[in-house]
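In the working numbering, the protein residues as written are 17 to 316.
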């Protein structure tokens with residue numbers, strides 16, 4: 017391949033190829049050219065003006081342009097003739113109610129240019145007076161209804177917050193009652209009887225005097241009936257308290273419920289030693305807490 021053929025193949029454009037034909041635009045027929053200044057349009061406009069003249073007759077129009085506000089006099093009473101309905105600016109003018117001079121001055125837009133301080137103060141006073149009159153016109157019931165807060169849930173549904181609070185309070189009261197009932201069922205008969213006795217004593221103490229002296233009969237009788245296991249004069253007493261409520265007059269190992277054995281107990285502990293281990297573990301925890309506290313304040 018010669019140099020000329022290589023250059024012609026790589027760098028020169030080839031002639032040939034088909035060219036796309038342009039589509040011929042179709043000529044539209046049946047076109048109509050309308051002249052704006054034709055006699056028919058002028059005749060139609062004249063007919064329209066004549067109809068408007070017949071429609072409104074000799075109605076008086078007083079258009080007052082003041083501060084960009086159009087005011088229509090109340091004396092104008094334009095009535096269409098022949099059942100025709102006014103349209104356009106005339107219909108708007110007829111629909112505007114008559115405005116008195118005082119209300120017009122109140123609702124007028126601010127004037128352009130310089131405005132004195134007295135005018136601004138007068139306008140502010142008038143707006144406050146109108147607002148106060150509007151608030152006074154509102155009844156107390158409507159005012160409370162407008163100030164009531166509306167609560168809604170996550171879905172947007174309106175809810176009664178007072179009803180929800182009452183239901184929550186009832187649920188808490190029910191849970192508290194169930195908890196007290198559960199604790200009462202876990203207690204024994206001896207504990208329930210002791211609580212009942214303490215409750216009766218508290219009821220009696222409500223009416224008892226605050227100061228109790230040595231000559232108090234009730235206090236002395238209570239102390240006299242109380243029996244102690246280390247009382248040296250217990251053997252000389254003739255009337256010893258006996259009965260189902262009497263307890264063992266002697267030493268008894270402690271238990272976590274603080275229940276003393278009855279007077280028929282023979283002094284033999286028939287347990288598995290759990291009470292002793294329970295007290296021992298509790299004492300170890302208390303001792304450990306006390307030692308930790310001493311170590312924490314040693315360097316202070």
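Virtual Cβ for every residue (Gly too), placed ideally from N, Cα, C.
_I'd like to know whether the C-beta atoms of residue 273 and residue 207 end up nearer to each other than 8 Å._
In contact: residue 273 and residue 207 (Cβ atoms closer than 8 Å).
*residue 119: buried (16+ other C-beta within 10 angstroms of its C-beta) or exposed?*
Residue placement at residue 119 is flagged as unreliable, the pLDDT there being 45, under the threshold of 50; a coordinate-derived value is accordingly withheld.
*Check residue 140 in the structure and name its three-state DSSP category.*
Residue 140 falls in the helix class under three-state DSSP.
*To the nearest angstrom, how far is it from the Cα of residue 91 to the Cα of residue 138?*
Note that residue 91 has pLDDT 42, beneath the 50 cutoff, so the model's placement of it is unreliable and no number is given.
*At least three beta-carbon pairs within less than 8 Å, the stretch 218-231 to the stretch 285-300*: With the cut-off at 8 Å, the stretch 218-231 and the stretch 285-300 do not touch.
_In this structure, how does DSSP classify residue 22 when only helix, strand and coil are distinguished?_
Looking at residue 22 - three-state DSSP - the assignment turns out to be helix.
*Closest residue to residue 262 among 276, 149 and 238 (Cα-Cα distance)*: Looking from the CA of residue 262, the closest CA among 276, 149 and 238 belongs to 276.
_Three CB pairs or more closer than 8 Å across the stretch 240-251 and the stretch 265-272_ = Yes: the two stretches touch, three or more of their Cβ pairs being nearer than 8 Å.
_Check whether chain B comes within 8 Å of residue 223, counting only Cβ atoms and requiring the distance to be less than that._
No chain B is part of this structure, which consists of one protein chain only.
*Name, in chain order, the residues that DSSP records as bridge partners for residue 263.*
DSSP links residue 263 through a beta bridge to 278.
_CB-CB length for residue 177 against residue 167, believed under 8 Å_ = About 5 Å separates the CB atoms of residue 177 and residue 167; that is less than 8 Å, so the two are in contact.
*asked:* Helix, strand or coil, according to DSSP, for residue 229 in the structure here?
replied: Coil at residue 229, not helix or strand.
*Given residue 169, which residues of its chain have a CB within under 6 Å of its CB, disregarding the five upstream and five downstream residues?*
Answer for residue 169: 175, listed in chain order.
_Once DSSP output is grouped into helix, strand and coil, what is the label at residue 173?_
Correct three-state label for residue 173: coil.
*Given a cut-off of 8 Å, decide if residue 271 and residue 300 are closer than it, judged by their beta-carbon atoms.*
In this structure, residue 271 does not lie closer than 8 Å to residue 300 by Cβ.
*Span of the alpha helix (DSSP H) holding residue 305?*
For residue 305, the enclosing alpha helix (DSSP H) starts and ends at 290-312.
*asked:* Going by the DSSP bridge assignment, what does residue 168 pair with across the sheet?
replied: The bridge partners DSSP lists for residue 168 are 174.
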